[in-house]
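> Encoded as structure tokens, here's the structure I'll be asking about.
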Ligand code: GTP
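In the UniProt record's numbering, the protein residues as written are 1 to 438.
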């Protein structure tokens, strides 16, 4: 493959922009179990829509974008129906799934498909990690890019100091927003401005940067990508050298170099941002997207009433008894049945589930076709609003703050399920607390 890099549109021509959404593959998203056992994470519904659709909605707000690539290593069939439907809903751009033959890493996939991305000579393209939930201020990123004649713009957000080292950390010039230093998951605190997983790259800059990283790695294989003790273990490296050597990651292998040598800027968002990593993290993501839809007056959000505490999304085919009280931050999927006197709060109830009368579901996800009996309680524990963590310590043990029932689970009448993760097809006949039920 040749590296045809267009020269930047200058002198009045509108620069052209594409978008890439990175979805990973079946080997990733393991922290999203048990939900990813039945639905690939990018297609899981939060606030009534697949995670991937929230990314497409953001892209659709940038009129300039005419082509979107979804890059991952799931089989083609996984996204076929989604893309067919999306083509109808987003007529202003084409959507194509590009499948990596194996996991190539967040930069390796971009490089592998560079000819497709560079076709038509776009000046720049967005890269969006599918597993983030935010308001995707893509237009502001474009503006910063143009104003500063940037080669790369990264979206950043502030987190609590003690959480920062779990993310990629950005040191920037407060005045001109230039990225001075980038370290992925540093060992000690360097900044609380972190990488949101949304980028805008000039085509002129990013592909040569990835090419240099590949070259460096070829020359010094053990020092790039795997600087851990794992990489220094020769049995690890020999074992599947060929496979691992093709993995190139933006976060570890590219961004710190861009900070050293390039016109690299950060747009700091003050709006919401969360990662969707664990299955439990779908609950805060659901809440954030519902709040955004409610604030923007979306028709999809149920009208507030004595029994609807906004925001609440109810699929048109769901049957909710008028005496059930729902909200805030609740999504009810297709064909769900909710009986009289039920209380649902901070929860996602997935397609075909049933909750019988006088039960209570809070801080929880109820899996597809699961059945909750009468007077039962399925509940998690609230976490602080600013927390990026979905685990809590209870009696000295780390447990999930969100209770999750996988597909086709049953909870008998009067049973209480608290801070548990329940794999698909389990029947809970007695009270359970702080357990993983396999
Ligand atoms: P941490 O966030 O560091 O815990 O790692 P992670 O593996 O959970 O996520 P990572 O930052 O590696 O992935 C960011 C996004 O890129 C997610 O949407 C992943 O699905 C996606 N992704 C990760 N690896 C690959 C890959 O090899 N190919 C493609 N196409 N996407 C990937």
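Beta carbons are placed, not taken as given, at the ideal position from N, Cα and C, and that holds for glycine.
If you check the beta carbons only, do residue 272 and residue 153 fall under 7 Å apart?
no
> Thinking C-alpha only, which one of 317, 115 and 59 is nearest residue 203?
Of 317, 115 and 59, the residue nearest in Cα terms is 115.
> According to the Cβ coordinates, are residue 333 and residue 351 closer than 7 Å?
Residue 351 is positioned such that its CB atom lies closer than 7 Å to that of residue 333.
> Rank 410, 110 and 255 by C-alpha distance to the C-alpha of residue 184 and give the top, closest one.
255
> Measure the C-alpha to C-alpha separation of residue 74 and residue 200 and round it to an integer number of angstroms.
24 Å
> Exposed or buried, residue 46, counting other C-beta atoms within 10 Å across all chains shown (16 or more means buried)?
buried
> Using a Cβ-Cβ cut-off of 6 Å (strictly less than) and excluding sequence neighbours within five positions of residue 318, which residues of its own chain qualify?
332 and 336
> Taking DSSP as the reference, what is the three-state secondary structure of residue 422?
Residue 422 sits in a strand when the DSSP states are folded into three classes.
> Considering only C-alpha positions, which residue in the set 430, 388, 404 and 323 is nearest to residue 376?
Put simply, of 430, 388, 404 and 323 the residue whose alpha carbon is nearest the alpha carbon of residue 376 is 430.
> State buried or exposed for residue 121, treating a residue as buried only when at least 16 other CB atoms are found within 10 Å of its CB.
exposed
> Might you give, ordered along the chain, the residues of its own chain that have their beta carbon closer than 7 Å to the beta carbon of residue 439, omitting 5 neighbours on each side?
This structure gives no information on residue 439, because the portion of the chain shown stretches from 1 to 438.
> Looking at ligand 1, does it come within less than 6 Å of residue 250, judged from the CB to the closest heavy atom?
Residue 250: no, Cβ never under 6 Å from ligand 1.
> Can you find a heavy atom of ligand 1 that lies under 6 Å from the Cβ of residue 131?
yes
> Is any heavy atom of ligand 1 found at a distance shorter than 6 Å from the C-beta of residue 58?
no
> How about residue 83 and residue 22: do their beta carbons lie closer than 7 Å?
Taking the C-beta atoms as reference points, residue 22 is found no nearer than 7 Å to residue 83.
> Quick check on the burial criterion: 16 or more other C-beta atoms within 10 angstroms. Buried or exposed for residue 208?
exposed
> In this structure, what does DSSP give as the bridge partners for residue 362?
Per DSSP, 345 and 379.
> Could you tell me if residue 131 is buried or exposed, where buried requires 16 or more neighbouring beta carbons within 10 angstroms of its beta carbon?
buried
> Buried or exposed: where does residue 329 fall if 16 or more other Cβ atoms within 10 Å of its Cβ makes it buried?
buried
> Would you mind reading off the limits of the alpha helix (DSSP H) that contains residue 204?
203-219
> Using CA atoms only, rank isn't needed, just tell me which of 126, 366, 119 and 360 is closest to residue 353.
366
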